[in-house]
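Please read the structure below before turning to the comments.
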Amino acid sequence: MFVTARVKLKKYLIKSMAICLWLFSLNVISSPITLELSYVKFVPQHAPGVANFFKKPEDSGFQGANLAISDSNTTGKFLQQHFTLSSFVATKTPQLLAYFDEQYQQGRRIFILDVPLAQLVQLERWAKNKSVLLFNISESADELRDNQCLSSVLHTIPSDAMKSDALAQWLLYRRMNQVLLIQGSKTEDIELAKSFKRSAKRFGLKIIDEKQWDFNTDLRRSAQQEIPLFTQTIKDYDVVYVADKSKTFAEFLPFNTYLPRPVIGSAGLEALAWHSVIEQWGATQLQNRFIEMADRKMNELDFSGYLAVRSVAESVHKLHSNRSSELIEYINSVDFELAAYKGRKLSFRPWNRQLRMPVALVHPHALVSQSPQPGMLHPITELDTLGFDAQESQCELSR
Amino acid sequence: MKKTLFLKPILSCLIVTALFSATSVNASELAYVTNEKDDNISVIDLNVNKVIKQIEVGQRPRGIILNQEQTLAYICASESDSIQILDLATEQIIGELPSGEDPETIALHPNGKIIYTSNEDDALLTVIDIESASVITQVDVGVEPEGLAVSPDGKTVVVTSETTNMVHWIDTKTHKNFANTLVGSRPRSAMFTKDNKYLWVSSEIGGTVVILDVASQKIIKEFTFDIRGIHHDRVQPVGIELTEDGRYAFVALGPANHVAVIDRKKMAVDEYLLVGRRVWQLAFNKDQSQLLTTNGISGDVSVIDVERMKVTKSIKVGRYPWGVVIRNKP
Numbered sequence: 121m122f123v124t125a126r127v128k129l130k131k132y133l134i135k136s137m138a139i140c141l142w143l144f145s146l147n148v149i150s151s152p153i154t155l156e157l158s159y160v161k162f163v164p165q166h167a168p169g170v171a172n173f174f175k176k177p178e179d180s181g182f183q184g185a186n187l188a189i190s191d192s193n194t195t196g197k198f199l200q201q202h203f204t205l206s207s208f209v210a211t212k213t214p215q216l217l218a219y220f221d222e223q224y225q226q227g228r229r230i231f232i233l234d235v236p237l238a239q240l241v242q243l244e245r246w247a248k249n250k251s252v253l254l255f256n257i258s259e260s261a262d263e264l265r266d267n268q269c270l271s272s273v274l275h276t277i278p279s280d281a282m283k284s285d286a287l288a289q290w291l292l293y294r295r296m297n298q299v300l301l302i303q304g305s306k307t308e309d310i311e312l313a314k315s316f317k318r319s320a321k322r323f324g325l326k327i328i329d330e331k332q333w334d335f336n337t338d339l340r341r342s343a344q345q346e347i348p349l350f351t352q353t354i355k356d357y358d359v360v361y362v363a364d365k366s367k368t369f370a371e372f373l374p375f376n377t378y379l380p381r382p383v384i385g386s387a388g389l390e391a392l393a394w395h396s397v398i399e400q401w402g403a404t405q406l407q408n409r410f411i412e413m414a415d416r417k418m419n420e421l422d423f424s425g426y427l428a429v430r431s432v433a434e435s436v437h438k439l440h441s442n443r444s445s446e447l448i449e450y451i452n453s454v455d456f457e458l459a460a461y462k463g464r465k466l467s468f469r470p471w472n473r474q475l476r477m478p479v480a481l482v483h484p485h486a487l488v489s490q491s492p493q494p495g496m497l498h499p500i501t502e503l504d505t506l507g508f509d510a511q512e513s514q515c516e517l518s519r
Numbered sequence: 565m566k567k568t569l570f571l572k573p574i575l576s577c578l579i580v581t582a583l584f585s586a587t588s589v590n591a592s593e594l595a596y597v598t599n600e601k602d603d604n605i606s607v608i609d610l611n612v613n614k615v616i617k618q619i620e621v622g623q624r625p626r627g628i629i630l631n632q633e634q635t636l637a638y639i640c641a642s643e644s645d646s647i648q649i650l651d652l653a654t655e656q657i658i659g660e661l662p663s664g665e666d667p668e669t670i671a672l673h674p675n676g677k678i679i680y681t682s683n684e685d686d687a688l689l690t691v692i693d694i695e696s697a698s699v700i701t702q703v704d705v706g707v708e709p710e711g712l713a714v715s716p717d718g719k720t721v722v723v724t725s726e727t728t729n730m731v732h733w734i735d736t737k738t739h740k741n742f743a744n745t746l747v748g749s750r751p752r753s754a755m756f757t758k759d760n761k762y763l764w765v766s767s768e769i770g771g772t773v774v775i776l777d778v779a780s781q782k783i784i785k786e787f788t789f790d791i792r793g794i795h796h797d798r799v800q801p802v803g804i805e806l807t808e809d810g811r812y813a814f815v816a817l818g819p820a821n822h823v824a825v826i827d828r829k830k831m832a833v834d835e836y837l838l839v840g841r842r843v844w845q846l847a848f849n850k851d852q853s854q855l856l857t858t859n860g861i862s863g864d865v866s867v868i869d870v871e872r873m874k875v876t877k878s879i880k881v882g883r884y885p886w887g888v889v890i891r892n893k894p
């Protein structure tokens, strides 16, 4: 009883603090503020052999961030707040670092990053002892959430582990326990498969066989001959999981497997933070605004960019401040919550700064399900059944 | 326990009265429910609690209201970008009002001559003159405007904006936005009290309902909801209805599948009534003995007996029922 009363009192205090914050922000509305954000993209080498229709539009990510700027300015109009976004594309690491130095000199403190792991780590080093906030909107590598902990970086893209867990929970729910695992031969594919193996173990699924796709056939012509042979196994399987990050062969698996079984992972049923088929929880409005602005559909990278800018703007709306130190403190606090068309409020995990969120399971033309699956329990929030929970992660950025 | 025993005779007396009055009133009432995914309206005869017909309307019908004479219904056909006028006698669409793009909700000025609608995609409030079917003006509001309410004295119209998280206060004479109040995440419905003094606002993602003082536009009370066995993130308040006698407020709690009953004297939540899945909007019948809820995911309407505080019936309607209004059968 006593404990409950204390928890209630604590909740009450937090609530009343939040109300005070609003009232406070209303009182200081008079002084207008602006906040300049920078969007930075590092252009990686395109994987060879990727079909043209899988290539992401070049402005992926930026358009999402841009829409969030526009949304935030509509709100900002009533609060005397204004947001701007500049964009920069780097092709070499020294050029990238020089840009950051220059931006920092000009007083910019908040950066939205579409850069790969190696560059993220370098930027973390650069950010040391600086009051800057970096948003990773594209790198889903598990190590950034598990052991390579970046204290200046907030991740708005779900990790591979979150996506694998989302798929594994669904398999468990659907009682598809026997999995045939197929992976590409690139490091990124092997890492992705590793992530799924972790999830399979976590949720008690059985991987009956593992195969690696490495022959160089032109699948456009020979998929019907090659894939059935390749997916023939001694044991029966319920489902085929495929890890092929740049989609060089995965899409040829559905309808071609030896046994007539569904395909999940990099083809068939995919786990994504966002997809154009999502229309629940007001998502239709966001999709419409995006299409009107960008003249194309919103993808996952766009959505991650959107979330990053919205996280900053939401904090500015609440605090009416553009001081990066105050914004960082607020975003990392328990008071921070973000409404993001997912039917749940989102917040950052304190130990590894990963944005916790439900993950959509989609095929190209419909939303199939959303994880966490019903029945997944967790003492704090069932959203933490996806990805590295506090006890599993080696990161202890703040707890 | 003792209290219950003592109350029993009074309660049963009430129940008998309720049943009696309910049947006598229901004999002449019809409910109109917009089905967002079916592009039609289900008509429920409250006497038999059954859908008696479907009326085809424009695309993605959501908000619905009646004119004061209860002869016409105005329907937001969101994806047809219009407000359709439905003649309830002939059940034909007899005209359209210019609404701007993607109208979602709709409110009638107490003078019966002006309609307000929120344009979700364009962040606008559109003011429409009914007689001339023309737009008087459009007012800039926050991102994804949703809930609308006109004060009973007709002086103020408020709009909530879902992504801006604000209540925008607009003078109905000058059409000036004279104040903005920040509220919890994703504000949905707004409802003035009969005396014009207070405004109730629900916040879907924030999980709260607040009461604002109309004179100062400040929050004076906040309600949170705690339902045993349901995670607080799933408690997402949307529709609000206030009884005219000032006793109760009903709040639809979305995916929590419950309607909260707030005692307005005690200013506390009395109980939670289990209804269908993802409960969205609410509407009273004329004497407020019954409250109807639209349940989006289960595709039905729950009927709450207000005096007994019991859910008495669920009625299957179309896909994604959204709005509901009730009128006397002519």
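Chain order of the listed sequences is A and B.
So the number in our numbering is just where the residue sits in the first sequence, counting from 1, plus 120.
So the number in our numbering is just where the residue sits in the second sequence, counting from 1, plus 564.
Virtual Cβ for every residue (Gly too), placed ideally from N, Cα, C.
Identify the contact partners of Asp191/A in chain B, using a Cβ-Cβ distance below 7 Å as the criterion. Position 71 of the first sequence, counting from 1, holds the residue named residue 191/A. Simply Val707, Thr727.
Determine the extent of the alpha helix (DSSP H) in which Leu421/A is found, giving its start and end residues. On the first sequence, position 301 is the one that residue 421/A refers to. Here the alpha helix (DSSP H) through Leu421/A covers 420 to 439.
If you follow the beta strand (DSSP E) that Met730/B is part of, which residue opens it and which one closes it? Here residue 730/B is taken as the residue at index 166 of the second sequence, counted from 1. The continuous beta strand (DSSP E) containing Met730/B extends over residues 730 to 735.
Chain-ordered neighbours of Arg409/A on chain B, where CB pairs are closer than 9 Å: The residue you call residue 409/A lines up with position 289 of the first sequence. Those within 9 Å of Arg409/A in chain B are Asp685, Val707, Glu708.
Specify the secondary structure class of Asn744/B as computed by DSSP and reduced to three states. Working through the second sequence from its first residue, we reach residue 744/B at position 180. It is a strand residue.
I want to know whether the region 290 to 306 of chain A touches the region 348 to 362 of chain A - three or more CB-CB distances under 8 Å. yes
Residues in the same chain with beta-carbon distance under 8 Å from Leu143/A, minus the five sequence neighbours each way, listed in chain order, please. Position 23 of the first sequence holds residue 143/A. Confidence is the limiting factor: at Leu143/A the pLDDT is only 47, short of 50, which leaves the residue's position unreliable, though a coordinate-based value still follows. Counting only Cβ-Cβ distances below 8 Å, and skipping sequence neighbours, we find nothing.
Please list the residues of the region 193 to 213 of chain A that have a C-beta atom closer than 7 Å to any C-beta atom in chain B, keeping them in chain order. Thr194, Thr195, Phe198
Could you pull the start and end residues of the alpha helix (DSSP H) that Met413/A belongs to? Numbered from 1 along the first sequence, position 293 holds the residue referred to as residue 413/A. Looking at the DSSP string, the run of the alpha helix (DSSP H) that includes Met413/A is 403 to 414.
With a threshold of 8 Å between beta-carbons, can Gly227/A be considered close to chain B, or not? For the purposes of this step, residue 227/A is identified with residue 107 of the first sequence, where counting begins at 1. For Gly227/A, the answer is no, since every Cβ of chain B falls outside 8 Å of its Cβ.
Label Asp504/A either buried or exposed according to how many other C-beta atoms from any shown protein chain fall within 10 Å of its C-beta, with 16 as the threshold for buried. For the purposes of this step, residue 504/A is taken as the residue at position 384 of the first sequence. So Asp504/A ends up on the buried side.
Who are the near neighbours of Ser158/A in its chain, counting only those whose CB is closer than 8 Å to its CB and skipping five residues on each side? Counting from one through the first sequence, the residue named residue 158/A turns up at place 38. Excluding sequence neighbours, Ser158/A sits near Leu205, Ser206, Ser207, Phe208, Gln223, Arg228, Ile230, Phe231, Ile232.
Taking CB distances under 8 Å as the criterion, tell me whether Ser749/B reaches chain A. Along the second sequence, read from residue 1 onward, the residue named residue 749/B stands at position 185. Answer yes: the Cβ-Cβ gap between Ser749/B and chain A drops below 8 Å somewhere.
Hey, how far is the Cα of Glu371/A from the Cα of Gly388/A? Locating residue 371/A in the first sequence gives position 251, counting from the first residue. Locating residue 388/A in the first sequence gives position 268, counting from the first residue. If I take the Cα positions, the gap works out to 7 Å.
What three-state label does DSSP hand Leu349/A in the structure shown? As a first step, residue 349/A must be located in the first sequence, where it is residue number 229. Reduced to three states, the DSSP call for Leu349/A is helix.
Could you tell me whether the Cβ atoms of Leu517/A and Ser271/A are closer together than 8 Å? Mapped onto the first sequence, residue 517/A falls at position 397. Mapped onto the first sequence, residue 271/A falls at position 151. Yes. Within cutoff.
Can you tell which of Thr213/A, Pro374/A, Ser366/A, Lys417/A has its C-alpha closest to the C-alpha of Val397/A? On the first sequence, residue 397/A is found 277 positions in, with the first residue counted as 1. Considering only alpha carbons, the answer is Lys417/A.
For Gly495/A, decide whether its Cβ has a neighbour in chain B, counting only Cβ atoms nearer than 8 Å. Within the first sequence, numbered from 1, the residue matching residue 495/A stands at position 375. With 8 Å as the cut-off, Gly495/A does not count as an interface residue toward chain B.
Three Cβ pairs or more, each shorter than 8 Å: is that satisfied between the region 650 to 668 of chain B and the region 619 to 637 of chain B? Output reads yes: the region 619 to 637 of chain B touches the region 650 to 668 of chain B.
How about Leu240/A and Phe255/A: are their beta carbons less than 8 Å apart? Translated into positions along the first sequence, residue 240/A becomes position 120. Translated into positions along the first sequence, residue 255/A becomes position 135. Contact flag unset, no.
Beta bridge counterpart(s) of Cys269/A as assigned by DSSP: Walking along the first sequence from the start, residue 269/A turns up at place 149. Cys269/A pairs with nothing; no bridge assigned.
Three-way DSSP call (helix, strand, coil) for Asp364/A in this model: Translated into the one-based positions of the first sequence, residue 364/A becomes position 244. Three-state result, Asp364/A: coil.
Restricting to runs no shorter than 3 residues, where is the beta strand (DSSP E) found entirely within the region 818 to 877 of chain B? 822 to 827, 832 to 838, 843 to 848, 854 to 859, 864 to 869
Boundaries (first-last residue) of the alpha helix (DSSP H) holding Ile310/A: On the first sequence, residue 310/A is found 190 positions in, with the first residue counted as 1. It spans 307 to 322 - the alpha helix (DSSP H) in which Ile310/A sits, taken as one unbroken run.
Note down the Cα distance separating Leu712/B from Ser682/B, rounded to an integer number of angstroms. On the second sequence, residue 712/B is found 148 positions in, with the first residue counted as 1. On the second sequence, residue 682/B is found 118 positions in, with the first residue counted as 1. Near 7 Å, if we compare the C-alpha coordinates of Ser682/B and Leu712/B.
Along the chain, where does the beta strand (DSSP E) that runs through Ala480/A open and close? Walking along the first sequence from the start, residue 480/A turns up at place 360. Unbroken beta strand (DSSP E) run through Ala480/A: 479 to 483.
Under three-state DSSP, which class holds Pro662/B? Translated into positions along the second sequence, residue 662/B becomes position 98. It is a strand residue.
Under a CB-based cut-off of 8 Å, is Glu371/A close to chain B? For the purposes of this step, residue 371/A is identified with residue 251 of the first sequence, where counting begins at 1. Put simply, the CB of Glu371/A is far from chain B, with every gap to its CB atoms at 8 Å or more.
Just verifying my parser: in three-state terms, what is the DSSP assignment at Arg798/B? Your numbering for residue 798/B matches position 234 in the second sequence. DSSP, reduced to helix, strand and coil, places Arg798/B within a helical segment of the structure shown.
At 8 Å on the CB atoms, spell out the chain A contacts of Ile769/B, in chain order. What you label residue 769/B is simply residue 205 of the second sequence in a count that begins at 1. Within chain A, the residues Glu457, Ala459, Arg464, Lys465 have their CB atoms less than 8 Å from the CB of Ile769/B, given in chain order.
Considering only C-alpha positions, which residue in the set Leu312/A, Ala343/A, Pro470/A is nearest to Val362/A? Within the first sequence, residue 362/A is the residue found at index 242, counting from 1. It is Leu312/A.
Pull up the DSSP beta-bridge partners for Trp764/B, would you. Numbered from 1 along the second sequence, position 200 holds the residue referred to as residue 764/B. Its beta-bridge partners are Met755/B, Ile775/B.
Using the beta-carbon of each residue, which ones in chain B are nearer than 9 Å to Gly402/A? Residue numbering aside, residue 402/A sits at position 282 when the first sequence is read from its first letter. Going along chain B in sequence order, the residues near Gly402/A (Cβ under 9 Å) are Glu684, Glu708, Glu710, Glu726, Thr727, Arg750, Glu768.
For the beta strand (DSSP E) containing Gly385/A, name the first residue and the last one. The residue you call residue 385/A lines up with position 265 of the first sequence. It spans 383 to 385 - the beta strand (DSSP E) in which Gly385/A sits, taken as one unbroken run.
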